[in-house]
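Scroll down for the structure; my scribbles are underneath it.
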Amino acid sequence: MTNEPPVARPGRRTRLTRRGRLVLIAGAALAVTAAVLVPLTLLSGGDDSARRATTLVVPEGRRATQVYASVDRALDVPAGTTRKAAVDARLELPEAARSNPEGYLFPATYPIDSTTSPAGLLGYMVRTANQRFGGDRITAGARAHGVSAYQTVTIASIVQAEADTTADMARVARVVHNRLALGMPLQMDSTLNYGLNRATLDTSHADTRTDSPYNTYEHKGLPPTPIGNPGEEAMRAAVAPASGDWLYFVTVRPGDTRFTNRYAEHRKNVEEFNKHRRDA
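For the sequence shown, the working numbering assigns the number 719 to the initial residue and increments by one for each residue that follows.
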């Protein structure tokens, strides 16, 4: 992520990929972290038929479209049923969401049984998000950074997508806040790819010129909505980022993410990352 001259391969531009990598990466697997457990209910059809509900796990960072597909499969309903339910259901979303539940389908383990409906399950997810995201700590944290609670969920969704580890989340959040405060474009591949409905980390010059409100190369500030459904750790980082003046970060190797406010130092870190990839 940078406004300075590119340092990657010819024909491509440097940018902040997921986990802060300012290099070309051919592909990536979605990161799946442990889901927060929502207490399960014991369903009983009589003394001889008591059984524990089956469950649906929603991992941190999943997009709404992925959650819809998972619900369709879990409830064995036709593809697209849950997406339609999301439009028709009166979900308890903030006004700023404009009826879009992205960011509020809280990552957790949810009980389901033969009576569970798509709309009911989505409502459960949104109510859980409101409970986890609606406290005074979140409101105060958002106000302290000059953003709304909804924008804080958006920041948390970016942190969820970009951080290499949970330990990195607070520093990634600081980079986001620092860039917003300076009026610098975020230049996040995670937002760009959300707008393109893809998950690849390989971004070209043409991609960064995409006409999309999620293109944070072309548009300053935050994207219009969250880009996934963040967990509590990412939300905590968004409201209480680490202290620092960092503007750049790059994961040189797993578990080794380096943050800096100096572009020259960042270029060296990127070079080391490229060397590590070549030698791997």
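Glycine included, C-beta positions come from ideal geometry on N, C-alpha and C.
Check                                                                                                                           : Outcome
Under 8 Å between C-beta atoms of P829 and V795                                                                                 : no
Residue burial classification, L1046 (beta-carbon count within 10 angstroms, cutoff 16)                                         : For residue 1046 there is no data in the structure shown, the boundaries of the chain being 719 and 998.
A782 to V776 span [Cα, whole Å]                                                                                                 : 10 Å
Three-pair Cβ contact test at 8 Å for the region 860 to 874 versus the region 801 to 818                                        : yes
Inter-residue spacing [alpha-carbon to alpha-carbon] between E810 and E983                                                      : 46 Å
Cβ shell of V944 (< 6 Å), same chain only, five flanking positions each side left out                                           : It should be noted that the sequence gives Pro, not Val, for residue 944. These residues qualify, in order along the chain: E820, G821, V871, T872, S875.
Cα-Cα separation between K993 and W964, rounded to whole angstroms                                                              : 23 Å
Burial state of D929 (16 or more Cβ within 10 Å)                                                                                : exposed
Contiguous alpha helix (DSSP H) assignments of at least 4 residues, all confined to the region 814 to 866                       : 836 to 851, 854 to 862
Simplified DSSP assignment, three categories, for R985                                                                          : helix
Distance, R985 Cα to T846 Cα                                                                                                    : 42 Å
Proximal residues to R855 (C-beta, below 8 Å), its chain only, five neighbours per side dropped                                 : V957
Per-residue DSSP class, three states only, for T884                                                                             : helix
Contacts around V754, its chain only, beta-carbon distance under 7 Å, and the 5 residues preceding and following it disregarded : With a pLDDT of 42 at V754, under the threshold of 50, the predicted position of this residue should be treated as unreliable, though the coordinate-derived value follows. The answer, listed in chain order, is P825, A826, G949, E950.
Run of the alpha helix (DSSP H) containing Y1029, from where it starts to where it stops                                        : Beyond the ends of the chain as shown, which are 719 and 998, falls residue 1029; an answer cannot be given.
Residues near N979 by beta carbon distance below 6 Å, same chain, minus five either side                                        : D963, W964, L965
Contact set for D790: own chain, Cβ-Cβ below 6 Å, skip 5 residues either direction                                              : A797, T799, T800
A843 versus H923: straight-line alpha-carbon distance, rounded                                                                  : The displayed chain sequence assigns Met, not Ala, to residue 843. Rounded to the nearest angstrom, the two C-alpha atoms are 37 Å apart.
Enclosing beta strand (DSSP E) for Y966 [first to last residue]                                                                 : 966 to 971
Own chain residues within Cβ distance below 7 Å of T909, not counting five before or after                                      : I876, Y932, T934, P941, I945
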